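Undergrad:
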Amino acid sequence: MLPGIVTWAEIDLDAIAHNVSAYKRHVGPNVEVMAVVKANAYGHGALPVARAALLAGATRLAVHRLIEGVELRQGGIDAPILVMGYTPSSGAEMVVSWRLTPSLMTIEFAQALSARASDLDVTVPVHVKVDTGMSRYGLMPAEATSFLLAVQKLPGLHLEGLFTHFATADWADLTHAQGQLGVFTEVIQAARSAGVRFPVIHAANSAATMHLPEAHFNAVRPGIGLYGLDPSSEWPPVFELRPALALKSLVSRVRQLPAGAGVSYGRTFITQKPTLAALVPVGYGDGYHRILSNRGSVLIHGQRAPILGRVCMDQFVVDVSHISGVQQDDEVVILGPQEDERISAEEVAGLASTINYEVTTSLLPRVARVYTRGGEVTEVEALA
Ligand SMILES: Cc1ncc(COP(=O)(O)O)c(C=O)c1O
25 MLPGIVTWAE IDLDAIAHNV SAYKRHVGPN VEVMAVVKAN AYGHGALPVA RAALLAGATR
85 LAVHRLIEGV ELRQGGIDAP ILVMGYTPSS GAEMVVSWRL TPSLMTIEFA QALSARASDL
145 DVTVPVHVKV DTGMSRYGLM PAEATSFLLA VQKLPGLHLE GLFTHFATAD WADLTHAQGQ
205 LGVFTEVIQA ARSAGVRFPV IHAANSAATM HLPEAHFNAV RPGIGLYGLD PSSEWPPVFE
265 LRPALALKSL VSRVRQLPAG AGVSYGRTFI TQKPTLAALV PVGYGDGYHR ILSNRGSVLI
325 HGQRAPILGR VCMDQFVVDV SHISGVQQDD EVVILGPQED ERISAEEVAG LASTINYEVT
385 TSLLPRVARV YTRGGEVTEV EALA
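Residue numbers for the sequence shown follow my numbering, so the first one is 25 and each next one is one higher.
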């Protein structure tokens, strides 16, 4: 497909735009969409996805780490970028110089940032996260008001946002998420009564945005749904999402094996009959999980070809005995559609005992990224 490239991910930026627009329509004109593009946009490629999401109506971006925000700025992204995770005080300088929006959790970091901002005579927008039931990052509800008051007084900082995150918004039973929402609402009210002002309030991930409209406030933070992957395994999406990523490769060898041949490391598969085997240059060195050994399958000529034996670092073998005319350089689909068949990230996740998030996020830089719009390639990201 591309000169010299054997394994690549195709990312359909129209699908990203469709999914962002669908979320936007769902929340209405008064709620901002903050597109979550952390972890290289769940493996899809941070910069092209961020650009597509902003073009489609997202007004903010969210990442987990400072360096992810810097990567977006270096790529020319100008929109507000929230760094949702921990930033050490040593990162204050970078936050200011790259115009990032950190999530504050300690007064020491807030003071370091305030000092740096004051030195440079700039104002840094900051958000504060409240831990309402995830036991992860964020202030405890009881500490929130005094912390917010202290931050509000620091020169050079603009307390722009307050947020929380749900632990179980993907469940059919939303009782726990509603409990978290109740705690968050109390924190908002207490802080407001004490005179704290924060114009942007956000809580909802993809699942909560779909199913918990009370949690929309004036911004939502969808991630997985923007990539067209199911936000929940317990209920279907309430609007159509289009998967954006397909993982593809080329048959690198076709070979007739006799009965009794051991396939791949450890001989975990022995052919019971003469078998036509195709070699696929994809492995755990690309982010394809080894647990898919003897479990997963791929599509060739629109038909399923099961994996025989172990997935290695760089390749695995599939059975193509039942598929006619398979040749070297035929296209292999590992994730995505081919003719009338499709392998979804959800299917692969089920076989690999994980979640759809991990299936795409695992894809490593060795897998070239090919971006398309209107079926045409618009950009290629490859190591060489
Ligand atoms: C704080 C925070 N907000 C939003 C998201 C987006 O969640 P999802 O991908 O489920 O929409 C995440 C993802 O893990 C997150 O950690």
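Think of the CB as a built atom: it goes at the ideal place given N, C-alpha and C, for glycine as much as any other residue. Small disclaimer: the values here were computed from a predicted structure and weren't measured.
(1) Helix, strand or coil: how does DSSP classify glutamine 21 here?
(2) For tyrosine 66, is the beta carbon positioned less than 8 angstroms from some heavy atom of ligand 1?
(3) Kindly list the residues whose CB is nearer than 6 angstroms to the CB of glutamine 204, restricted to its own chain and excluding five residues on each side of it in sequence; keep chain order.
(4) Quick one: does the C-beta of glycine 69 sit closer than 8 angstroms to a heavy atom of ligand 1?
(5) Across which residues does DSSP place threonine 299 in a beta bridge pair?
(6) At a cut of 8 angstroms, does the region 271-282 reach the region 296-311 through at least three beta carbon pairs?
(7) Going by C-alpha distance, which of Leu375, Asp343, Glu132, Glu95 is nearest serine 121?
(8) Look at the alpha carbon of alanine 417 and the alpha carbon of alanine 283, and state the distance between them as a whole number of angstroms.
(9) Note down, in chain order, each residue of its chain lying with its Cβ closer than 7 angstroms to the Cβ of arginine 328, except the 5 sequence neighbours on either side.
(10) When you measure from the CB of methionine 12 to every non-hydrogen atom of ligand 1, does any distance come out below 8 angstroms?
(11) Hey, how far is the Cα of glutamine 351 from the Cα of arginine 277?
(12) Could you check whether threonine 83 and valine 107 sit closer than 9 angstroms to each other, using their CB atoms as the reference points?
(13) State the Cα-Cα distance for the pair valine 44 and histidine 313, rounded to the nearest angstrom.
(14) Using the Cα positions of isoleucine 29 and threonine 385, report the straight-line distance between them to the nearest angstrom.
(15) Quick check: threonine 299 and leucine 281, are their CB atoms within less than 9 angstroms of each other?
(16) My output table needs one value for valine 146: the three-state DSSP class, helix, strand or coil.
(17) Among Gly206, Ser256, Arg245, Glu184, which one has its Cα closest to the Cα of alanine 369?
(18) Is histidine 200 near ligand 1 - that is, is its Cβ less than 8 angstroms away from at least one heavy atom of it?
(19) Let me know the secondary structure DSSP gives alanine 393 once reduced to three states.
(20) Could you pull out every residue in the same chain whose Cβ sits closer than 8 angstroms to the Cβ of asparagine 54, ignoring the five residues on either side in sequence?
(21) So the candidates are Gly206, Leu265, Ala268; which of them puts its Cα closest to the Cα of glutamate 238?
(22) For the beta strand (DSSP E) holding aspartate 343, just list the boundary residues, first then last.
(23) Just curious, the beta strand (DSSP E) that isoleucine 225 is in, first and last residue?
(24) Kindly indicate which three-state DSSP category glutamate 258 falls into: helix, strand or coil?
(25) Could you spell out the range, first to last residue, of the alpha helix (DSSP H) harbouring serine 114?
(26) Consider the C-beta atom of histidine 88 and the heavy atoms of ligand 1; say whether any pair is separated by less than 8 angstroms.
(27) Here's a check: name, in chain order, each residue in its chain whose Cβ is nearer than 7 angstroms to the Cβ of alanine 39, leaving out the five neighbours to either side.
(28) Please determine, among Ala46, Phe187, Lys153, Val341, the residue with the shortest C-alpha to C-alpha distance to arginine 279.
(29) If you measure between the beta carbons of arginine 245 and phenylalanine 171, is that distance less than 9 angstroms?
(30) On the CB-based measure, 16 or more other CB atoms within 10 Å of its CB, does valine 146 come out buried or exposed?
(31) Tell me whether serine 113, by its Cβ, gets closer than 8 angstroms to a heavy atom of ligand 1.
(32) Hey, methionine 394 and valine 383 are a contact pair by Cβ (cut 8 angstroms); roughly how many whole angstroms apart?
TA: Inspection of the coordinates gives the following:
(1) Nothing about residue 21 can be read from this structure; the chain reaches only from 25 to 408.
(2) At least one heavy atom of ligand 1 is nearer than 8 angstroms to the Cβ of tyrosine 66, so yes.
(3) The residues are Thr156, Gly157, Phe190.
(4) Taking the Cβ of glycine 69 as the reference point, every heavy atom of ligand 1 lies at 8 angstroms or farther away.
(5) For threonine 299, the beta-bridge partners assigned by DSSP are Leu281.
(6) Cβ pair count under 8 angstroms is three or more, so yes.
(7) The residue with the shortest Cα to Cα distance from serine 121 is Glu95.
(8) Residue 417 lies beyond the stretch modelled for the chain, which goes from 25 to 408, so this question has no answer here.
(9) In the same chain as arginine 328, and ignoring 5 residues on each side of it, the C-beta atoms closer than 7 angstroms to its own belong to Ser321, Glu365, in chain order.
(10) For residue 12 there is no data in the structure shown, the boundaries of the chain being 25 and 408.
(11) Per the coordinates, the alpha-carbon of glutamine 351 lies some 7 angstroms from the alpha-carbon of arginine 277.
(12) No. Outside cutoff.
(13) Distance between the alpha carbons of valine 44 and histidine 313: 29 angstroms.
(14) Computed Cα separation, rounded: 21 angstroms.
(15) Going by beta carbons, threonine 299 and leucine 281 fall inside the 9 angstroms limit.
(16) Coil, per DSSP.
(17) Selected option, being the one with the closest Cα: Ser256.
(18) Set against 8 angstroms, the gap from the CB of histidine 200 to the closest heavy atom of ligand 1 is not smaller.
(19) Looking at the sequence itself, residue 393 is arginine, so the reference to alanine does not match. Assigned with DSSP and collapsed to three states, arginine 393 falls in strand.
(20) Closer than 8 angstroms at the Cβ level, and outside the excluded window around asparagine 54, lie Asn242.
(21) Out of Gly206, Leu265, Ala268, Gly206 has the C-alpha closest to the C-alpha of glutamate 238.
(22) Counting along the chain, the beta strand (DSSP E) containing aspartate 343 begins and ends at 340-343.
(23) That run of the beta strand (DSSP E) goes 224-226.
(24) Secondary structure at glutamate 258: coil, using DSSP grouped into helix, strand and coil.
(25) Annotation for serine 114: no alpha helix (DSSP H) segment contains it, and DSSP assigns it neither H nor E.
(26) True, at least one ligand heavy atom lies under 8 angstroms from that Cβ.
(27) Taken in chain order, the residues that qualify are Gly252, Arg266, Pro267, Ala268.
(28) If we check each option's Cα against that of arginine 279, Val341 comes out closest.
(29) No; because the gap between Cβ atoms is not below 9 angstroms, this pair is not in contact.
(30) By the neighbour-count rule (16 or more Cβ atoms within 10 Å), valine 146 is not buried but exposed.
(31) No - ligand 1 has no heavy atom lying nearer than 8 angstroms to the Cβ of serine 113.
(32) Residue 394 is actually valine in this sequence, not methionine. Not confirmed; about 18 angstroms, so no contact.
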